[in-house]
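Taking the numbering used here as reference, the numbering of the sequence shown is continuous, increasing by one, and the terminal residue is 750.
For each residue, glycine too, the CB sits at the ideal point set by N, CA and C.
I have placed the structure first, in the form of structure tokens, so that the comments after it can refer back to it.
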Amino acid sequence: MKASTNPILSDWENLEPFGLPPFAKISADHFRPAFDVALASNLEEIKGIAECSDPPSFSNTAQALDRSGELCTRVGNLFSNLCSSHTSPELQAVELEMAPILAAHSNKIYTYPGLFPRLEAVYNSRAHSDLNPEQVRLVERLHLDFVRAGAKFDAAAQCRYSEIMEKLAELETVFTQNVLADEAAYTIVLKAEELAGCPSDLVAAARQAAVERNQGTEDYVITLSRSLVEPFLTFADRRDLRERAWRAWTKRGELDPSRDNRAIAKKILLLRAEQARMHGFNTFAAYQTDDTMARSPGRVMELLENVWGRAKDAAERERQAMEEFLASLPLTTGEGKVAAEKVDIQPWDWRYYAEKVRQAKYDFDEAALKPYLSLEAVTKAVFDVAGKLFGLKFVKRGDVTAYHPDVVVYEVRESSSGLNTNGAHANGSAHANGQPSEISRGSDRLVAIFLHDNFSRPNKRSGAWMSELRSALPCEGIVPIILNNNNFARGTGPTLLSFDDAKTLFHEFGHGCHGMLSNSKYNRLAGTNVLRDFVELPSQLMEHWLDQPEVMKKHARHFETGEVIPDALLSKLKAARSFNQGFGTIEYTASALVDQALHQLPADKVEALDINKFEEQELSRLGMPQGIVMRHRPAHFQHLFSSSSYAAAYYVYLWAEVLDADGFEAFLEAGSCFDPATAARAKEFIYSSGNSLEPGAAFKAFRGQDPIIEPMLKKKGMFRQAETATVS
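Rendered as structure tokens:
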């Protein structure tokens, strides 16, 4: 295929609206030729940097590296987004083919002859140069990237390291595809009477899932999408069906012997152990945490174990409350007979009875809340929060299409009084057709393009995530293209969200703001390119605005009547907020502890590993409460085995929760969740600075102090008096 006829290689950043890819023209067979051109172009750039005849300098080495690979990034971002959000068998085949090729290309750059010595020369002279702090930060981060990629190894070690990284890329891709295949293939087909106890919106979503899968007119389908399974486990009266759904849900990645992820996970662990040893670390956990705020597995374990004991106590109180509830039921009811027989509460029971206790104890019914949390209302709420905090406004563009009809495209704008309106395009260039640019509209300035992809589909991976098609580089007039993906169940009418679903939307939007508001001058430091245990701070901080009365009273309106959410329901929501925190914290912390345990195994222990048996033994050692399991079991634990990003790093959500809980206290201390001065500091140091500042310094510049753990423990209802400690 000629480059001139490949739509991926066309000048779409200047020709398409806002520089979006020409999705309708792109097919899977365009990607391999596009990558061939992009990779070759990138190597030519690297050759020019490495063989430059001028002495090494910041501009001809560090900055040149940072600006290199633009075409690779453009093609790669498009490819990875489609593989995650809108895949196909053809695209998956290319993904599997390209994974080791892309890993090999990365290794070629890090080990390109003559390149690292030039970067190291700039690194060694940084303290005596006239570089500004952000430039020094870029040099230091690039240098560390090269070192951690094996640039200091000898030739033989570099060759072996390249083999490891290529094989890891291949295995991680297969792992991801296997989970998606299990989720797409498995369904539970039900009749209406088998959905007894389920709220109407769940019934409607199950019916819609049946329609999408060509089931009968009286059929309903529960898939392995979290947005269907978890509500079903919470509300369905049929215990046998809850068990069936739970067993399938927790066996993803091992449902089909032909795609059993347990063997793949073991191979990944072996390769990571070897990778760590090559860098001089005893375990992969030590290697991974060396470049984090935590700095060592010991500090990670200190935090996890601190919370683990409290969570077990809370979970035990929750179990007792459920047992008391069961014992109070009349013996003539089906559930009363269960109580009379003293059947232990099993994992497929916990959510169901916890919801019953919540209704009884707090008079709070999740189903009564959902009509006030339509997807439309929650989206308006999060946009309004961004407007009040950061001065952003979102303009829906129904005339601009993306890769699927579900995806909604928005312009993201902020007020700007001195904007140059000379027709600059969104990426800093003029429209080829000479028409006025989209960058200016009145006094507003375009700061980002935002794509919102909210619904579950069979060809979309599970979970929720933020990604980007283009990073922000404001100094060159380049605005980012940011995507938020959720997996909400689509019904036949307006989509109604649970409070947890709404929180997920706010969470991912926080990541989105981190990308949209980036103000770094360098790609390597921009947006979410921060240390892993800092990256969840902007997202989790954003969650706090969801349940603020000021936000709820304005936006939580009944989807049919427009009625504002009653004060009584808000009060019940607040009272029930810490309910079942033991269960949720156990689910998460167990996963994080097992992650650490797996990645602290030496290679000889991994060789003999039975991963399911290890999970069972480790949870037994921890004293895992009966009736709760890990949030992610190893065979479908994509945070760990779909890439290395969260491997030995699943703890980061809890680490960031310490930061976000203490960080939100700054707003409360200022007297308003929208205090302008506090919002300005949050924008500057949390959402805009990227990796230009060391993360501990960035947090302290925002908060005025090092973070303390007390607010997080109080939020979870797990605080014990006289225990204030910092986390830095």
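Contact under 8 Å by Cβ, residue i with residue j
i           : j           : result
residue 291 : residue 628 : yes
residue 414 : residue 436 : yes
residue 25  : residue 59  : yes
residue 123 : residue 90  : no
residue 424 : residue 473 : yes
residue 227 : residue 134 : no
residue 569 : residue 595 : yes
residue 523 : residue 531 : no
residue 512 : residue 667 : no
residue 310 : residue 669 : yes
residue 598 : residue 386 : yes
residue 404 : residue 581 : no
residue 526 : residue 551 : no
residue 196 : residue 118 : yes
residue 143 : residue 39  : no
residue 336 : residue 604 : yes
residue 109 : residue 481 : yes
residue 548 : residue 501 : no
Neighbour-count burial assignment, residue i, 16 or more Cβ in a 10 Å radius
i           : result
residue 393 : buried
residue 342 : exposed
residue 417 : exposed
residue 557 : buried
residue 362 : Low per-residue confidence applies at residue 362: pLDDT is 40, beneath 50, and the placement is therefore not dependable, though the value from the model is reported in the following sentence. Exposed, by the Cβ-count rule.
residue 514 : exposed
residue 41  : buried
residue 154 : exposed
residue 150 : exposed
residue 262 : exposed
residue 420 : exposed
residue 248 : buried
Close beta carbons around residue i, own chain, < 6 Å, minus the five adjacent residues each side
i           : result
residue 254 : 244, 267
residue 544 : 88, 160
residue 106 : 483
residue 439 : The pLDDT assigned to residue 439 is 44, lower than 50, so where the model puts this residue is not dependable; a value taken from the coordinates is nonetheless given after this. Excluding residues within five positions, none has a Cβ falling inside 6 Å.
residue 265 : 370
residue 180 : 133, 172
residue 61  : 127
Cβ neighbours of residue i in the same chain (closer than 7 Å, five flanking residues each side left out)
i           : result
residue 456 : Confidence at residue 456 is low in this model, with a pLDDT of 30, below 50, so its placement is unreliable and the value that follows should be read with caution. Nothing meets the Cβ criterion.
residue 29  : 44, 47, 48, 52
residue 173 : 132, 133, 138
residue 737 : 683
residue 12  : Residue 12 lies beyond the range of the chain shown here (23 to 750); nothing can be said about it.
Distance cut-off 7 Å: residue i Cβ against heavy atoms of the ligand PLP
i           : result
residue 294 : The ligand PLP is not part of the structure shown, which contains no ligands of any sort.
Chain C contact for residue i (CB, 8 Å cutoff)
i           : result
residue 642 : Absent from the structure is chain C; it holds one protein chain and no more.
Residue interval of the beta strand (DSSP E) (run including residue i)
i           : result
residue 492 : 487-492
residue 506 : 503-510
Run of the alpha helix (DSSP H) containing residue i, from where it starts to where it stops
i           : result
residue 93  : 92-107
residue 414 : No alpha helix (DSSP H) contains residue 414, which is instead part of the beta strand (DSSP E) from 414-418.
residue 660 : 660-663
residue 128 : 111-132
residue 157 : 155-170
residue 608 : 603-621
residue 309 : 306-311
residue 544 : Taken as a continuous stretch (DSSP letters only), residue 544 belongs to no alpha helix (DSSP H), as it is neither H nor E.
residue 28  : Per DSSP, residue 28 belongs to no alpha helix (DSSP H) and is neither H nor E.
residue 334 : 319-350
residue 238 : Premise fails: residue 238 is in no alpha helix (DSSP H) and is neither H nor E.
residue 367 : Note, residue 367: premise wrong, no alpha helix (DSSP H); not H, not E.
residue 718 : 717-725
residue 88  : 86-89
residue 232 : 222-234
residue 10  : Residue 10 lies beyond the stretch modelled for the chain, which goes from 23 to 750, so this question has no answer here.
residue 626 : 625-629
Cross-strand partners of residue i (DSSP beta bridge)
i           : result
residue 474 : 430, 506
residue 209 : 245
residue 75  : According to DSSP, which records beta bridges pairwise, residue 75 is partnered with nothing at all.
residue 586 : 579
residue 553 : Partner(s): none; residue 553 has no beta bridge.
residue 500 : 495
residue 527 : Note: residue 527 sits in no beta bridge, so no partner.
residue 396 : 518
Chain-order list of residues whose beta-carbon lies under 8 Å from that of residue i (same chain, five-residue window excluded)
i           : result
residue 649 : 341, 366, 367, 368, 369, 371, 372
residue 84  : 141, 144, 157, 160, 161, 164
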